[in-house]
Structures are given as structure tokens and as C-alpha cells.
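Student: Before anything else, here's the structure in question.
Residue numbers (the numbering used here): -12 to 260.
Printed below as a string of C-alpha cells:
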């Protein structure tokens, strides 16, 4: 069954390719990329941030390995520097010996004495020839070692710079991840706050209902009071305007007389005895 499905899919693709030519591949490629982007958008942001942290963590072994290689190279360069210094000292010593033999050979004497031992000019000439060949080889070796030392020192400087750049980039990436985490946390807090949605329309309905009840009670009270007054004989005396005027006059007259009496008492208190 699986073979039939695969065969059918292959035939469909082949037919589409024959009919649409290169456009079919373009459509398939676009569809694949769209599907890939859609699937990636479905991945939670927390998972993406965790993955970024893991990728940054994966840099640690490589950084540690480079640190170890740099430390080893530093040790090797110290050895090479010593070797180059020794070779250069040997070259200098060989040169001094060759120049001394050359000077004795040019003196015209038949024999020369070195450290209490006598040598003929032919022996000096042969020794000088051998020494000169050895000196040339020694000098070439010293120059090669010096070039190797220079190249390895430059490589070490470049490696240190590259390591510093990697460490700096790692720290920058860590800061970016923490910033993204902080932003995501703020979004989550905002989303959590928006979940507490209070339906104030229910409160409005309650207030409206209470207001309607109060209105009905007010109407009922007015109706009750009106019914009590309808058909009853008013026996209470009505207020006369003349009585009101007399009350006001009496009130203010009393206030005036009280004020006069108080002033009289104050005057008597001021009379010297």
C-alpha cells in the first residue's frame, strides 16, 4: 500500500512537472517554505528562548577548547623562542670562529697553534671549509626557525583576538536573551491582567432595577398620601398673614429690648464708684 502511495505521489509530481515545467518546483518550494514558517510560528516563544540559551551554552565547549589550544601554543612558543635564541647564539659563535680561522689563513704562516696544539695551514683551510658549510646550514635553520616563530606569534595574536570576539559575542547574546525574556515576562503579566475582565453591565442592571423599585415606592407613597387627603375635612387652622407679621415684630422687639438692657448694664459698669 505504501509503495502504491509513493508511486502515485511520484507520478503526480512527474505529471505536474511535465505540464507546468519549472513552475511546479517553484510552487512546491514556496509551499514547503510557507509550511515551514507556519510550523515555526506555532512553537511557543518560551521554547525558542530556551533553545537560544542552549545554543549559547553549546559555545562553552568550543571556547574552552580554544582556550586550551591557546595556552598550549603559548607554552610551545616559549620553547621555540628559547630554541631560536640558542640557534642565533650558535650562529654568532660560528661566525666568530670562521672569521678567526680566515684571519689566520690569510696571515701567510705555515702552522698555527690553538689551545696548545699545532695545526698546519692545510688543516686550517679544510677545517675552515667544513665550518663554513656548517655555518651556512646553521644560519639557514636559524632563519627558518625565526620565520616560524614570527608566523606562530602572529597566529597566536589572531587566535586571542578571535577568542575575545567570541567571548564578547557570547556575552552580547546572553544579554539579548535576557532582554527578550524580560519583554516576554512583561507581555505575560499584561496578558494575565487582561484575563480579569469584570462585567460592569451586570452592576448597571442592578442599579437600574433598584432605581425602578425606588420610583415605584415613591409613586405608591404619593398615591397613599393623596388617598388619605381626598374626602377629609381640613380642620387645621390656616396661617394668617397678620399673625405672621405680629410674630416677627414681637421676635425682633424682644431682641432689641434685650440688646438695650445689655448696653445699659455695660454703661453702669463703666461709672466710677
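Don't be surprised by glycine CBs; every beta carbon is placed ideally from N, CA and C.
Using only alpha-carbon positions, find the residue among 127, 145 and 82 that is nearest to residue 118.
Tutor: For the residues 127, 145 and 82, the minimum Cα distance to residue 118 belongs to 82.
Student: Taking the CB atoms as reference points, tell me whether residue 167 and residue 70 lie closer together than 8 Å.
Tutor: Against a cut-off of 8 Å, the Cβ pair of residue 70 and residue 167 comes out as no contact.
Student: What whole-angstrom Cβ distance do residue 143 and residue 61 have, given they're in contact under 8 Å?
Tutor: Contact flag correct, Cβ pair sits at about 7 Å.
Student: Please state the DSSP three-state secondary structure of residue 96.
Tutor: Residue state, collapsed to three classes: coil.
Student: Go ahead and label residue 111 buried or exposed: buried means 16 or more other beta carbons lie within 10 angstroms of its beta carbon, across all protein chains shown.
Tutor: The residue in question, residue 111, is buried, as its Cβ has 16 or more Cβ neighbours within 10 Å.
Student: May I have the straight-line CA-CA distance separating residue 191 from residue 199, to the nearest angstrom?
Tutor: Looking at the two C-alpha atoms, the distance is approximately 12 Å.
Student: Examine the ligand GDP and report whether any of its heavy atoms sits within less than 7 Å of the Cβ of residue 63.
Tutor: Because no ligand of any kind appears in the structure shown, any question about the ligand GDP cannot be addressed here.
Student: Check each candidate in 210, 235 and 66 and name the one with the smallest Cα separation from residue 135.
Tutor: The shortest Cα separation from residue 135 among 210, 235 and 66 belongs to 66.
Student: In chain order, what residues of the same chain have a beta carbon less than 8 Å from the beta carbon of residue 164, not counting five sequence neighbours either side?
Tutor: Answer for residue 164: 36, 39, 40 and 43, listed in chain order.
Student: Can you name, in chain order, every residue of its own chain whose Cβ lies under 6 Å from the Cβ of residue 78, other than the five neighbours on each side?
Tutor: If we look at residue 78 and ignore the five residues flanking it on each side, its Cβ neighbours are 125, 126 and 129.
Student: According to the neighbour-count rule (16 or more other Cβ atoms, all chains shown, within 10 Å of its Cβ), is residue 88 buried or exposed?
Tutor: Buried, by the Cβ-count rule.
Student: Give the range of the alpha helix (DSSP H) segment to which residue 44 is assigned.
Tutor: It spans 32 to 44 - the alpha helix (DSSP H) in which residue 44 sits, taken as one unbroken run.
Student: Kindly list the residues whose CB is nearer than 7 Å to the CB of residue 85, restricted to its own chain and excluding five residues on each side of it in sequence; keep chain order.
Tutor: Closer than 7 Å at Cβ, skipping near neighbours: 115, 118, 119 and 122.
Student: In this structure, what does DSSP give as the bridge partners for residue 129?
Tutor: Partner(s): none; residue 129 has no beta bridge.
Student: Please check the pair residue 146 and residue 50, which I expect to be a contact at CB under 8 Å, by giving their CB distance rounded to whole angstroms.
Tutor: Wrong, their Cβ atoms sit about 12 Å apart, outside the cutoff.
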